[in-house]
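Inspection log for the structure reproduced underneath, given as structure tokens.
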Amino acid sequence: MTTTNRIGLYLHIPFCLRKCRYCDFLSFPCSDENILSEYTQALIREISIKGSEWPYKVVDSIYIGGGTPSILSAENVAAIMDSVREHFTVDEFAEITIECNPATANEEKLRRFRETGINRISIGVQSWDNSVLKLMGRAHDKNDAFTAVRNAKKAGFENINIDLMFGIPGQTMKMWRDSIRQCIFLRPQHISLYSLQVEEGTAFYKMIYEDNIMTETSDFVDRRMYHDASLMLEDAGYNLYEISNAALPGYESRHNDKYWSYQEYLGLGLGASSFIGGVRYKNCSDMISYLDHIKASEAPVDIEDIEKYSKRDEMGVFVFTGLRKKEGINIREFENIFGVEFFKVYDPSLINIYFGYLDFDGTILKLTDKGKDISSRVMAEFV
Ligand code: SF4
6 MTTTNRIGLY
16 LHIPFCLRKC
26 RYCDFLSFPC
36 SDENILSEYT
46 QALIREISIK
56 GSEWPYKVVD
66 SIYIGGGTPS
76 ILSAENVAAI
86 MDSVREHFTV
96 DEFAEITIEC
106 NPATANEEKL
116 RRFRETGINR
126 ISIGVQSWDN
136 SVLKLMGRAH
146 DKNDAFTAVR
156 NAKKAGFENI
166 NIDLMFGIPG
176 QTMKMWRDSI
186 RQCIFLRPQH
196 ISLYSLQVEE
206 GTAFYKMIYE
216 DNIMTETSDF
226 VDRRMYHDAS
236 LMLEDAGYNL
246 YEISNAALPG
256 YESRHNDKYW
266 SYQEYLGLGL
276 GASSFIGGVR
286 YKNCSDMISY
296 LDHIKASEAP
306 VDIEDIEKYS
316 KRDEMGVFVF
326 TGLRKKEGIN
336 IREFENIFGV
346 EFFKVYDPSL
356 INIYFGYLDF
366 DGTILKLTDK
376 GKDISSRVMA
386 EFV
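One point on numbering: in this note's numbering, the residue at position 118 of the sequence shown is 123, and numbering is uninterrupted.
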């Protein structure tokens, strides 16, 4: 672990307007204000419990994710932010992000989010094509998405991320390129591009593998979509600084970097994961257990899930996540953290086996553009 007194906070809000057809995140459809407020109060209680455990840590990034955090009222979000500031030391230049579904983003609410000190908004647009949005089961259409971006700008957000997805069944190259073009036109500071993963238990999985009413996008088309988008974004001045993330210079996400650069983060809320003090653990994913722990003033940790990764496991995490970054990993940093030579742990012949896919200059190891297409295979060699 990179030793520092700085940490990131992740706050999980597990509620959405409805369940999207591809989603296997820990989230439930709910817009009952009483339930949302009860959960907010539990989260605030957890913030107070955890803040006292890490009094000397300085928080330099906060990410309110979900789910759909923007489903919460402005009052609830303000109460969460007040609590974080009361129980943690928050750096005055902290990056503070909230995820937002376009169907929940009226201007007044976004303005009030901004007033709490939240300075970055991540809008789940996913596509600018209404037929694709409908198939995905999203709760918004493209007009809602335009309005959300406009409202975010009017509310004073100067650091906006737009999430887009590709590889959706029925999504053509033209639809995808149009979505990228539209995004570039709106000029958000950050764009995330995610390839659809069809996960078991989702409605998409059933539609593809059980009901056979649609087919999964081929790897060939998926990769073409990725490379087309990369070129278009780079031509427009965006830096593809991580496999799935592009930013205008200076707007790379600090929150994301915590995960890719082997830094500490504390996850609060239902099912949230943490990596702090050399230990990885997860909160309970069951709402009743989570609330019971909080009522008893206990940390809502899933005891069975506490994992003290072995040193070898941690090395794998360092390399696996670091290779996602355009800059790759510095093997000297690896050696400083783990106290062992990189090529005493990993077979040096991997560099030759993956020639053309991996680039190594003696210090920096990174994926080439070709390597990104088989990133899971290459990264798996280092786990
Ligand atoms: S809005 Fe996000 S978290 Fe909620 S169901 Fe859709 S994909 Fe899942």
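The C-beta atom is built at its ideal place from N, Cα and C for all residues, glycine as well. All values derive from a computational prediction rather than experimental measurement.
Give the DSSP-derived three-state secondary structure of LEU138 in the structure shown. helix
task = Taking GLU124 as the reference, give the member of GLN131, LYS55, ASP262 and LEU115 with the closest Cα.
result = Note on residue identity: the sequence assigns Asn, not Glu, to residue 124. Of the candidates GLN131, LYS55, ASP262 and LEU115, the one whose C-alpha sits nearest the C-alpha of ASN124 is LEU115.
The alpha helix (DSSP H) that contains ASP352, what's its start and end? Segment: none, ASP352 is in no alpha helix (DSSP H) and carries neither H nor E.
**OP:** Kindly examine ligand 1 and report whether one of its heavy atoms sits closer than 7 Å to the Cβ of ASN10.
**Re:** no
- Whole-number beta carbon distance between ARG285 and TYR314, since they are thought to touch under 8 Å: 6 Å
To the nearest angstrom, how far is the alpha carbon of LEU370 from that of SER249?
Straight-line spacing of the CA atoms in LEU370 and SER249 works out to 18 Å.
**OP:** Put ASN250 into one of helix, strand or coil per three-state DSSP.
**Re:** strand
Q) Excluding the five sequence neighbours on either side, which residues of its own chain have a C-beta within less than 6 Å of the C-beta of ILE189, listed in chain order? A) If you ignore the 5 residues before and after ILE189, its C-beta comes within less than 6 Å of the C-beta of ALA241, all in its own chain and listed in chain order.
Secondary structure of THR9, DSSP reduced to three states: coil
query = Do you know whose CA, among HIS145, GLN194 and TYR27, lies nearest ILE126's CA?
reply = Comparing Cα-Cα distances from ILE126 to each of HIS145, GLN194 and TYR27, the minimum goes to GLN194.
- Query: Secondary structure at LYS62, three-state DSSP: helix, strand or coil?
  - Reply: coil
field: Beta-carbon gap between THR121 and ASN81 smaller than 8 Å
entry: no
Whole angstroms is fine: what's the gap from GLU113's alpha carbon to LYS331's? 38 Å
- Message: Under 7 Å: does the beta carbon of PHE30 sit that close to some heavy atom of ligand 1?
- Response: yes
Q.
I want to check one thing, is the minimum distance from the CB of CYS25 to the heavy atoms of ligand 3 below 7 Å?
A. The ligand content of the structure shown is limited to ligand 1, which means ligand 3 is not among them.
Inset, instruction - Assign ARG186 to buried or exposed, taking buried as 16 or more other Cβ atoms, counted over all protein chains shown, within 10 Å of its Cβ. - result: exposed
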